[in-house]
Amino acid sequence: MADRDDTLIVPVNVDALVVNQDLRQRDGQGFRRWRPDFNLLRHSLSPEVAPFTNEDQWNATGEHESDDAYKQYDGVYVRWELPDALRQGGARTPGGRTEFPLVPNRWLVVRQVPGRDDLTTGWVVESDFLDPEDGTSRFIHPVRPGAGDPANTPYRSTIITTQIGRKQPIGTGGTAWSEPADASRKELFLTAVGPGIMTFHAYQPYHENVFSLHDPLTGVDSATVNYQIVGWYSDPAQEELRRRLDVAGATVGSVLAGLGWTVTDLAESWKPGSTTYCGRALQVQWTREGAAPDSDRPEKTDVRDRIAVGSSADEAHAALIAGARAALPDGSGNAIDHTTDPALLHALAGGLLNTLDEPDGDVLTAQALHKGWFQQIPGGYVWRLADTNAKGNASGDPKSVTWSGVSPEHEAWLAELNGHQRAYDEAERELAALQQRLYALWWMHSLPLIPPQYSRERLRAEIDPSNGDGLAARVAVAQGDLRNTLQKAITDCINGHPLPDGYELRKETLPPFYQATDPTVVLAGAKSHTAHKPLTGDGTALPCRMPSQIVDDGRANPFASLTTGSGLPPVAPALLVEFACVIDPKDAGKYTPDIAPAPWRQPWKPLLFQWRVDHWQVPYGDLNDPNWTFDGSHYQWTNGSAATGAVEVTGRRFLVPLPQHTTSGGLERHAAGHPDAETAKALTAAAAQVKDLDLLSQRLDGLTDAFALRNPAPGVSPPGRIGELVGDAFRHLPDPGKLPEPFKGWQDSGFTQIRAGQFELRMLSIVDEFGQSLDVLLPGDANTFVPKVGDSLHTGPKTVEPTDPGRFVQLPPRLLQAARLRFDFVAEHNDAQLVDLTANTTPVGAWIVPNYVDRSLLCYAPTGEPLGELRLELREGDAGDVTTVLGWGPLPDSRVRTIDDLRDARPQLYAFARELAAKGPDAFADLLTTVDHTLAGIDPGTPYGDEVLGALLGRPLALVRARLGFELDGLPVADAGWQYALDWKTQAAWGTRPDGQPTPPEMAHLDYRWPVRLGNAGQKGDGLIGYFSEDDYGTFYAVAKPDTRTGYVAEIADANWPRLRADSTQQTHLTLLLDPQATVHATTDVLPVTTLRLPTRFTRTAMAAMQVALRLSPVLTTTRKVPGKDVGAGGGNAPAGFVNALAVPHPASPQGTWDWAELVVPDAPAGAGPAPQWAHEPIVQIDQAARLDEDGPTVRTGFLRLTGGFDSK
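To convert, take the position in the sequence shown, counting from 1, and add 39; that gives the working numbering.
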């Protein structure tokens, strides 16, 4: 045992719950207490029993039932709270498993009753005592492979159920206690999570005689009682403080700081060798008869009307405020008044106030909030070559660099590397799905009952790694391929190719997959904010003490009647003297809270939230006429009926005070960035007030899992080789449903295919740390209960039942597994080639610049090289009649004479121009009008061209090729019912099945088609003008359609939205016309909005190289000699420093250089056919000055050409 002078005194909170008949019978059932069932572990099930089941009965419920049998539960329940540092787990080595620190395993509990020395008594609690008969709380032996002789260790090599904890009385008549000498009890194992249950240390029914004690106060009808708790480790060498001090380089100061502890006036030479824990509960008012003591537990009516449901805690909180439009009554801890704007509050909590102030603030905020209703799951990686010199593509010559800015061989290597990475990511996701399927089969094969259609041998064969056709063997092969082939390919590719100078290789994340989260319930008025005030004083560190700082007024030990024996720590007598000082009335108010806590109050400490909902599924419906209608932003139930009969789903989770923390965090962020000091100060003060709001929240976790037949309870890793194959994929067990009935065959498993429908809350119960319950909602209340509902979960005109429709909450359609909408650029020449995976490719088919002067479209190659101009021309027919047609003319320096010349080099531009020319002038006019109209509504922030050319030319637009499709996270989710238990090969082969093969019934949901709305006319930052679908250039689907004369332009709407299966296989290809400086948005509602933006590597070189041309025909010009610097070029045979320049009227621009281009026929030898060539001349602005040296005026036809007008150097 450590000497008293080297132990560190650590304070602990102590609660004491007074239980009598009135408390037990409150509201008909004052407690909901249950205990774990570790026998369930034999079936690899969670030991925590289902909500509202297997509860210990603590009071009479029958009309004539006596309460005598339940009086054994009366008394005071003393519970001590472990310091926060001992409740936190973490990895002790990089990549290691999570470990929790060992906790004290011995506790001295002393009871003192003022004026009644005969009632002074005490107990020693042996928290780690294990015995299936004499232990108190259900437990299992700690497990360790090769544990050894049970006589020498508490560990076992397999799961063995037992019971833990006992108390030894040391009061009058008790036995002197000493440390047990059993060899099996020398090794410590107890942690805050006990047998692996996160609530073990927090929920008193789980840990009686471990972290709590029941004092029945036998023979005492009423009294004022004081309790002191002293805790220690039976072996200080194994405790957490010593472990940390033994780390190389550790100091007492650094260790205390790491634990969140502090010691006032810590002596530099003092080093603690152990820790002792001490806490007290003072002036506990015990009464066996009469009313239960006052507490902060509210009445159910205080909470029932203050319940809200939303897609997130913040949305539910906003709905609560919107519904009440006023704060809770005085004294409830609420700091929000009736002026609060719920929508603004929602944005504040989401950290989106600054977003609201941006252009498109409302739209961006709505999109961000919608995204918050999904959990993000890593979506893989992509490799980039980053230019560390920030040079990027050189401006000017588009042929000098590749799209990535490096040499072609480096770009080919980068594409190869990304191909390997993509293969690895896909294989890893598919492996995880197969591992989960293997885990499910392993669990199902060991169940006591299986369908008669299967034999155990058949199930066992699938999980036998030696069976080459079985699932286990398939998983083993996939694991080997992942490690030995795919990972090696990535490593070899990286190591085998030196990086180009000035570049570094970076691994970046791809967009994540998104899994819809379950709705969240927020409750107000549960009095959660009245729990213990922290012992930390200023809230930063726990104030600990050295033994020399223990209070001692020189009095003798007043607890000499205790038969303490030799087993207590040496510091215990001093702490008993301090206890006597603290409870001495003359010393009242003399000590700090860590020594003398505030007088007792009956505790109410909400911990858990139990719920039950009844859900009516509203299926997808007919493939051609679905039950759910998408309006471009959200879904609404418009057709069909709900499934017959509701599905009951229950759950239990920790309650957390999340809304007040997100709201206060939003206020603090807003204060930190606010320019006005007084306003910032007020915001900071408001943030502090908001933290005291009386709000609790929790998701209805497990709701979506139930529809997918997933058991959300944590699983158990299989032993041996199966465990190695399953790896970490034992997060969910399947819920295969009912076994088949004789003569009826397979039963419906309950697999809902998608999450969609309406539910009502049937039961809501708040359970505190002692098991006290507040049953806010019981089945008899449900039909009249109307929750506050967030906007995203409001029902529409249809409800599953017409009576009391306000009780229903709607779940709009969501997928049952994580997915993402892939919106990718593909190569201009090959839709099968993703640009990031194929070297020297570009998605840009052409750059198109609207010419407002001539009402034409200037077309440029992806590199910025000139191609031609789509313009209206007059053409004489055979009969001499003149008609207007849409024609093509080459731009300066272009060799593209006709549209047909584009066929091979620019296939997308060719298809676009050919079809447009065939449609004729009216269609062309409609397109121009549409482009003008849409561009007026787009504000990309930093557009190319607007500041240069103003009303002459529009911004350069990109004609790009893209691919759109849903991608699932791994293999498709399938019906996990018994009927399809062995059908894993169908699931595994989904992505490679032959075209036209019907969808298996267990995956029928993969036939559902989900509409995708592209673009957003109401969002200025959306850059989509419109698109062509697949290879059909006959209709241009425009974001905004003005009045037009032909059917060439159609407005994007429900009738023409792409409709895609969420199956990882179906894709559609689109040719988009977009502003390259803005983002294109794709909206589905079933997933967050997906965005697509053209990377700058495809724009910067093209913009630098692009030479926009304005046709002038005819124009009168003269030639004059001017200094070369005035025109930015030299030319002709003029003396050095001077050039011949054409005097031509031209626009003024803040950047770039204008010149003149015209097509001329050069002199040629006799008999040769001269080929027209483009000639270029510098130009100067005309003026009114007379010049005698100028040549005579000449009429010319050609182009004004601007070089560098779009370069963003």
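A virtual CB, placed ideally from N, CA and C, is assigned to each residue, including glycine. Quick caveat, the model's predicted, so the values are computed rather than measured.
Annotation for glutamate 915: Val921 place their beta carbon closer than 7 Å to its own, counting only its chain and skipping 5 residues before and after. Residue environment analysis places serine 736 among the buried positions, since at least 16 neighbouring C-beta atoms fall within 10 angstroms of its C-beta. By a beta-carbon distance limit of 8 Å, tyrosine 245 contacts arginine 74. Their separation comes to about 7 Å. In terms of Cα proximity to valine 1183, the closest of Trp1195, Phe1177 and Gln1190 is Trp1195.
Secondary structure at alanine 1121: strand, using DSSP grouped into helix, strand and coil.
Bridge pairing for glutamine 1223: absent [DSSP]. In this structure, the straight-line span from the alpha carbon of leucine 998 to that of valine 865 is close to 12 Å. When DSSP states are grouped into helix, strand and coil, valine 342 belongs to the helix group. Exposure of glutamine 1220 is indicated by the presence of fewer than 16 other C-beta atoms within 10 angstroms of its C-beta.
Of the other Cβ atoms in all chains shown, fewer than 16 fall within 10 Å of the Cβ of glycine 535; this residue is therefore exposed. Ala215 is the residue among Glu717, Ala215 and Ala871 whose C-alpha sits nearest the C-alpha of serine 600. Residue pairing for cysteine 583: DSSP places it in a beta bridge opposite Val302. Here isoleucine 198 carries a coil assignment [DSSP, helix/strand/coil].
C-alpha of proline 841 to C-alpha of serine 351: approximately 27 Å in a straight line. When the five nearest sequence neighbours on each side are left out, the beta carbons in the same chain lying within less than 6 Å of the beta carbon of valine 755 are those of Ser83, in order along the chain. Contiguous beta strand (DSSP E) elements confined to the stretch 84-149 occur at 114-120, taking only those with 3 or more residues.
With a contact defined as Cβ atoms closer than 8 Å, aspartate 170 and threonine 201 qualify at about 7 Å.
Per DSSP, reduced to three states, the secondary structure at phenylalanine 1137 is helical. DSSP places phenylalanine 782 outside both helix and strand once states are collapsed to three, so it counts as coil. Judged by DSSP secondary structure, proline 905 falls outside any alpha helix (DSSP H) and instead within the beta strand (DSSP E) spanning 905-915. Excluding five sequence positions before and after alanine 752, the CB atoms of its chain that fall closer than 6 Å to its own CB belong to Ser85, given in chain order.
Nearest neighbour of tyrosine 674 by Cα position, chosen from Val516, Gln849 and Leu817, turns out to be Gln849. By DSSP's assignment, tryptophan 1049 forms a beta bridge with Leu1099. For tryptophan 452, the three-state secondary structure derived from DSSP is helix.
In its chain, beyond the 5 residues on either side, Val152, Pro153, Gln322, Val323, Gln324 and Trp325 have a beta carbon closer than 8 Å to the beta carbon of threonine 263. The alpha-carbon of asparagine 93 is positioned some 10 Å away from that of arginine 71. Rounded to whole angstroms, the gap between the alpha carbons of glycine 928 and glutamate 908 is 5 Å. At least 8 Å separates the beta-carbon of alanine 276 from that of arginine 283. In this structure, the straight-line span from the alpha carbon of aspartate 814 to that of alanine 565 is close to 11 Å. Taking C-beta atoms under 8 Å as the contact rule, leucine 510 and leucine 473 qualify, at a distance of about 7 Å. Partner residues in the beta bridge of aspartate 1061, as assigned by DSSP, are Thr1118. Between leucine 1063 and valine 806, the C-beta spacing is not below 8 Å. Secondary structure within the stretch 633-661: not one fully enclosed alpha helix (DSSP H) run of 4 or more consecutive residues is present. Judged by pairs of C-beta atoms under 8 Å, the stretch 816-831 touches the stretch 345-364, as three or more such pairs exist.
Taking C-beta separations shorter than 6 Å and ignoring five residues to either side along the sequence, the partners of aspartate 961 in its chain run Arg1084 and Thr1085, following chain order. The continuous beta strand (DSSP E) containing proline 50 extends over residues 46-50.
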